[in-house]
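Notes follow once the structure below has been shown.
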Amino acid sequence: MTVQRALGLAARRRAARVAVRHGDTVLTHAELDRRATAIARGLLSTGLARGDRVAVMLPNCVDYIAIAIACAKAALCMVPVNYRFTETEVQRQLQDSGARAFIHDPRFEAQVRDAARDPEVRHVRWGAELDALAATGVATPLPAAAEDDLFYLGYTSGTTGKPKGAMVTQRNRALAYHYWALEFGIGAEDVCLHCGPFHHTAPFTFALTQLFMGGEVIVLDAFDAAAAARALQRHGVTWSFMVPFMLERLLETGIDAGQAPALRMLISGASPLSTRTKTQVIERFSGTALHEFYGATEAGVVTNLRPQDQLRKLRCVGQPIAEIEIEIRDEQGLQIVAPGSIGDIWMRGPTLFSGYFGAPEKTAEISQGQWCTLGDIGYLDAEGFLYLVDRRKDVIKSGGVNIYPIEIEEVLLREPAVRECAVAGVPDERWGEATCAFLVLREPGDEAVLMQRIQALCRTELADYKRPKLFRLVDALPRNANGKVLKRELRASV
Numbered sequence: 000m001t002v003q004r005a006l007g008l009a010a011r012r013r014a015a016r017v018a019v020r021h022g023d024t025v026l027t028h029a030e031l032d033r034r035a036t037a038i039a040r041g042l043l044s045t046g047l048a049r050g051d052r053v054a055v056m057l058p059n060c061v062d063y064i065a066i067a068i069a070c071a072k073a074a075l076c077m078v079p080v081n082y083r084f085t086e087t088e089v090q091r092q093l094q095d096s097g098a099r100a101f102i103h104d105p106r107f108e109a110q111v112r113d114a115a116r117d118p119e120v121r122h123v124r125w126g127a128e129l130d131a132l133a134a135t136g137v138a139t140p141l142p143a144a145a146e147d148d149l150f151y152l153g154y155t156s157g158t159t160g161k162p163k164g165a166m167v168t169q170r171n172r173a174l175a176y177h178y179w180a181l182e183f184g185i186g187a188e189d190v191c192l193h194c195g196p197f198h199h200t201a202p203f204t205f206a207l208t209q210l211f212m213g214g215e216v217i218v219l220d221a222f223d224a225a226a227a228a229r230a231l232q233r234h235g236v237t238w239s240f241m242v243p244f245m246l247e248r249l250l251e252t253g254i255d256a257g258q259a260p261a262l263r264m265l266i267s268g269a270s271p272l273s274t275r276t277k278t279q280v281i282e283r284f285s286g287t288a289l290h291e292f293y294g295a296t297e298a299g300v301v302t303n304l305r306p307q308d309q310l311r312k313l314r315c316v317g318q319p320i321a322e323i324e325i326e327i328r329d330e331q332g333l334q335i336v337a338p339g340s341i342g343d344i345w346m347r348g349p350t351l352f353s354g355y356f357g358a359p360e361k362t363a364e365i366s367q368g369q370w371c372t373l374g375d376i377g378y379l380d381a382e383g384f385l386y387l388v389d390r391r392k393d394v395i396k397s398g399g400v401n402i403y404p405i406e407i408e409e410v411l412l413r414e415p416a417v418r419e420c421a422v423a424g425v426p427d428e429r430w431g432e433a434t435c436a437f438l439v440l441r442e443p444g445d446e447a448v449l450m451q452r453i454q455a456l457c458r459t460e461l462a463d464y465k466r467p468k469l470f471r472l473v474d475a476l477p478r479n480a481n482g483k484v485l486k487r488e489l490r491a492s493v
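Under numbering that gives the first Met the number 0, the sequence shown has 368 at position 369, and the numbering climbs by one with no breaks.
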């Protein structure tokens, strides 16, 4: 069971059907497979061998998918690199991964300058150089991939610290395609709208899941709410994965179910979906199934809240999907706590990663046998549904009491004038940490009156120790490329 075999067989089954569409570029499954095969042979012809890492720093494009498939075909390990990285960050990731080749867009030359000086890394510019490489290895044989060959290193998003490379094998990801297609009902006739950057795990794997099932993927250059709305209307899109930030911006375009009649499913993940946004999505896209999952780079999809439970289980991320187990344990990771009690989320299953690349000590810190924990805390209800409370690193400890930002953020978003918000702990001499609410308003207004309304709302809905001690109005929240709020930057700004 490998990605090489899974996607190769899908290409044969649906050879003449459209696989991917990006602007004016349209490739069938057979054409995409041929392009991937040519790139795979070209990479091997340069002297790369099984297991060597190939870094990729490209904008969203058809070749991003082709290169991923090429790595699977050649038993090479792909290393997606965030194109928003600085020169230092790019160099750090290349060194950490030990990449032997680096495919990048010429527009990122300034960011790859240091890396280009490394004689051990072969640089291939996207465009004419990649085309030439793909034409050179016609006679190079392709190896049969093994299940435990690394397919890619998924670097964590780095919202709390230095990113780490999660090792994902060919078997791991081939299984994920099966499980995700089963859980979300993705089929051969579906058309998926890809909005997020390919260098993030969820949008990357969702796109390949659709190709594995033989369907079509519509690729946007980057997320733009107006472009996404047009794509939903024009291309017969049946489903899309969007993080909460994207869904919020999509709602602002005014599009509804009547303008996207083919749309049957929306999937949300990567960060919690507020009740306000969830209710608006369900009302606006009546008849469209809404899923909200909890997952991670290291684990793929862990739990999913299905459409029938969306309004029955508010602030919930559902039950474990097929073959995944969840336990809530105490802070030492030794005892399972009772239903309703908050603790660390532990998980095990066949789609969990194989550890952090080159960092066995970091792997050991979060592992116990087949079980692992990723720093999230939550609780299970009596029916086995998981509720996220927060990242353990984001829990505010004020006056010896734990305060969970998600609970406060949910209350603040009940104020219509607040477009988005984030709550973080900032240093405080008296309390250790003080709760600070960062607010983005929908439009300018009487700030004094607004703050009176917000404080009155907090007095009604929150115990006194949970109420924010500080409020900051900001133009925007700092986010990574996948829409997650970077709370460390907010804390540093106070």
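Think of the CB as a built atom: it goes at the ideal place given N, C-alpha and C, for glycine as much as any other residue.
All values reported here derive from a predicted model rather than from experimental measurement.
Between which two residues does the beta strand (DSSP E) containing residue i stretch?
| i | result |
| --- | --- |
| Ile24 | The question names Ile, yet the displayed sequence has Thr at residue 24. Element bounds for Thr24: Thr24 to Thr27. |
| Asp477 | It is Pro, not Asp, that sits at residue 477 in the sequence shown. Neither: Pro477 is in no beta strand (DSSP E) and is coded neither H nor E. |
| Asp375 | Trp370 to Leu379 |
| Leu192 | Val190 to His193 |
| Arg124 | Arg121 to Arg124 |
| Ile102 | Ala100 to His103 |
| Thr434 | Gly431 to Leu440 |
Which residues mark the beginning and the end of the alpha helix (DSSP H) in which residue i is found?
| i | result |
| --- | --- |
| Glu496 | Here the chain has residues from 0 to 493 only, and residue 496 is not among them. |
| Met245 | Pro243 to Glu251 |
| Thr45 | It is not in any alpha helix (DSSP H) - Thr45 carries neither H nor E in the DSSP assignment. |
| Asn171 | Gln169 to Phe183 |
| Phe211 | Thr200 to Phe211 |
| Met56 | From DSSP, Met56 is part of no alpha helix (DSSP H) but of the beta strand (DSSP E) over Arg52 to Met56. |
| Gly7 | Val2 to Arg12 |
| Cys457 | Glu446 to Glu460 |
Is the Cβ-Cβ distance between residue i and residue j less than 8 Å?
| i | j | result |
| --- | --- | --- |
| Ala469 | Val410 | As written in the sequence, residue 469 is Leu, which differs from the Ala given in the question. No, these two residues do not count as a Cβ contact at 8 Å. |
| Thr36 | Ala173 | no |
| Phe352 | Met166 | yes |
| Ser397 | Gly424 | yes |
| Thr287 | Leu265 | yes |
| Ala206 | Ile64 | yes |
| Cys76 | Tyr151 | yes |
| Thr252 | Ala224 | yes |
| Val301 | Met346 | yes |
| Ala180 | Thr208 | yes |
| Ile327 | Tyr378 | yes |
| Gly235 | Ala261 | yes |
| Lys486 | Ser270 | no |
| Gly444 | Ala416 | yes |
| Arg418 | Leu440 | yes |
| Ala54 | Glu86 | no |
Can you say whether residue i is buried or exposed, counting buried as having 16 or more other CB atoms within 10 angstroms of its CB?
| i | result |
| --- | --- |
| Asn401 | exposed |
| Met497 | Residue numbering for the chain in the displayed model covers 0 to 493; residue 497 lies beyond these limits and cannot be assessed. |
| Thr158 | At Thr158 the pLDDT is 45, less than 50, meaning the model places this residue with poor confidence; the figure from the coordinates comes in the next sentence. Buried: at least 16 other Cβ atoms inside 10 Å. |
| Val137 | exposed |
| Asp343 | buried |
| Arg13 | buried |
| Gln94 | exposed |
| Ala71 | buried |
| Leu333 | exposed |
| Ser492 | exposed |
| Ala144 | buried |
| Leu132 | buried |
| Lys277 | buried |
| Leu192 | buried |
So which of the options has the shortest CA-CA distance to residue i?
| i | options | result |
| --- | --- | --- |
| His198 | Phe292, Phe84 and Val111 | Phe84 |
| Asp32 | Gly46, Ser44 and Val17 | Val17 |
| Ala73 | Val484, Leu43 and Leu93 | Leu43 |
| Gly97 | Leu57, Pro105 and Gly50 | Gly50 |
| Cys435 | Leu385, Pro443 and Pro426 | Pro426 |
| Glu247 | Phe222, Phe107, Thr87 and Glu119 | Phe222 |
| Ile102 | Gln110, Leu57, Arg112 and Val89 | Leu57 |
| Phe183 | Glu414, Leu304, Gly164 and Arg106 | Leu304 |
(request) With a floor of 4 residues, list each alpha helix (DSSP H) that falls wholly inside the region 267-349, ordered by position along the chain. (result) If we require 4 residues or more, the alpha helix (DSSP H) runs fully inside the region 267-349 come out as 274-283.
(request) May I have a chain-ordered list of the beta strand (DSSP E) segments no shorter than 3 residues that lie completely inside the region 385-423? (result) Within the region 385-423, the complete beta strand (DSSP E) runs of at least 3 residues are 385-390, 395-397 and 400-402.
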